[in-house]
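Shown next, in structure tokens, is the structure this report addresses.
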Amino acid sequence: MASDQVFSSFLFLLCLLQSMRVGYPATFTIANKCTTTIWPAILSNPGTYQRPATTGFTLPPGESNTFSVPTSWSGRLWGRTLCSQDSTTGNFTCLTGDCGSSAVECAGGGAAPPATLAEFTLNGTGGIDLYYVSLVDGYNLPMLVVADGGTGGNCTSTGCVVDLNKGCPSELKVTASEEGVACKSACEALGEPQYCCSGPYATPDTCIPSSYSQFFKNACPKAYSYAYDDSTSTFTCASANYIITFCPAPSIGVKSSNGTVPGAVGVSASLRNTTPNIVVFAVTVMAASWRWLPLF
């Protein structure tokens, strides 16, 4: 009977430990390999109560910034360009990606399109992270997202490493001093339902890729090019840290899986979830107790 009690206790402890998912923050490293200063911005999704400590900062060329992102965070980040502060009002504004806060910190403001977006949902169902790079709201900067040290999912690197501002169709192009600085989506530029996947085109069957979305897709095959571009554009990983590089060298390309990129600093990816090791330890101890109990 004593052995039955030990076994019952063992099952209870195992179930308890399985339900206690000990999560650790992810580390995001944002690197600027552009030739000019950029201003990265972060927006948490509604209902995300634990948020990164920053919502925007200045990042000079050649520098990087590393910060912790809470467990189960979801949101997006992007780069702002051609920013300045008004000497009279003190208002801070950017020509692309402006978040409307009139400050370097965005404080809950989203990106004014066009802007290249990286979107994340961390520690979702089964502890899996979901991430992707989107050009649905247009494009302003090349971007590469690398999942560093992940253990589950496909952990594929993704992004858009090509400078699309030079070849952007004239009807989509945003210029400053006669130079292309961003590329609008067809939805924003033309406003027609077939480009916005709205009205009678609001389903995957009726909203098909346009010549404009194909321009983005051909250049950046792993990035979202229109609203229903899920099948080739969303990626998963578990227990990873993330490295987001603006203006990566085109020769970097997009990795296929599980590459480790040096330079991520902070909490080890392997520490984001330690529950399995605790469970193994508990199983070992309880099994030993059950085995030796008849000797007493």
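1 is the number of the first residue of the sequence shown in the UniProt record's numbering; add one for each residue after it.
Backbone N, C-alpha and C fix where the C-beta goes; we use that ideal spot for every residue, glycine too.
Keep in mind that this is a model prediction, so the values were computed, not measured.
Quick one: Cα of VAL104 to Cα of THR36, how far? 16 Å
Would you check if the distance between the CB atom of TRP73 and the CB atom of LEU117 is smaller than 7 Å? Their beta carbons are not under 7 Å apart, which means TRP73 does not touch LEU117 by this criterion.
Give me, in chain order, the residues of the same chain whose beta-carbon lies closer than 7 Å to that of VAL69; leave out the 5 immediate sequence neighbours on both sides. Here the set comprises PRO25, ALA26, PHE28, PRO52 and LEU122.
Please state if the CB of GLY62 and the CB of ALA41 are separated by a distance shorter than 7 Å. no
Provide the residue span of the beta strand (DSSP E) that contains ALA41, from first to last. 39–44
What are the partner residues of ARG80, as DSSP defines its beta bridges? TRP39
Considering Cα atoms alone, identify which of ASP229, ASN218 and PHE215 is closest to CYS207. When each option's Cα is compared against that of CYS207, the closest is ASP229.
From this set, PRO46, SER185 and TRP39, which residue's C-alpha is nearest SER210's C-alpha? SER185
Distance CB(TYR226)-CB(SER213) smaller than 7 Å: yes
Would you say VAL162 reaches chain B, if we count a Cβ-Cβ gap shorter than 7 Å as a contact? Within the model displayed, chain B is absent; a lone protein chain is all it includes.
Any contact between the segment 173–190 and the segment 233–241? By contact I mean 3 or more CB pairs, one from each, below 8 Å. no
Among ILE30, GLY75 and TRP39, which one has its Cα closest to the Cα of PRO46? GLY75
Taking 7 Å as the threshold (C-beta atoms), are GLY149 and residue 300 in contact? Residue 300 lies beyond the range of the chain shown here (1 to 296); nothing can be said about it.
Taking all protein chains shown into account, decide if ASP98 is buried (16 or more other Cβ within 10 angstroms of its Cβ) or exposed. ASP98 comes out buried.
Going by other Cβ atoms of all chains shown within 10 Å of its Cβ, with 16 needed for buried, is ALA147 buried or exposed? With 16 or more Cβ atoms within 10 Å of its Cβ, ALA147 is classed as buried.
Distance, TRP39 Cα to ILE244 Cα: 13 Å
CA-CA distance, LEU59 and LYS33? C-alpha separation (whole angstroms): 10 Å.
Go to TYR132, then tell me how far its beta strand (DSSP E) extends in each direction, as first and last residue. 128–134
Relative to the C-alpha of THR66, which residue among PHE216, ILE30, ALA115 and THR93 is closest? ILE30
Beta-bridge pairing of GLU179 - partner residues as DSSP gives them: ALA176
Grouping DSSP H, G and I as helix and E and B as strand, with all else coil, what is ASN32? strand
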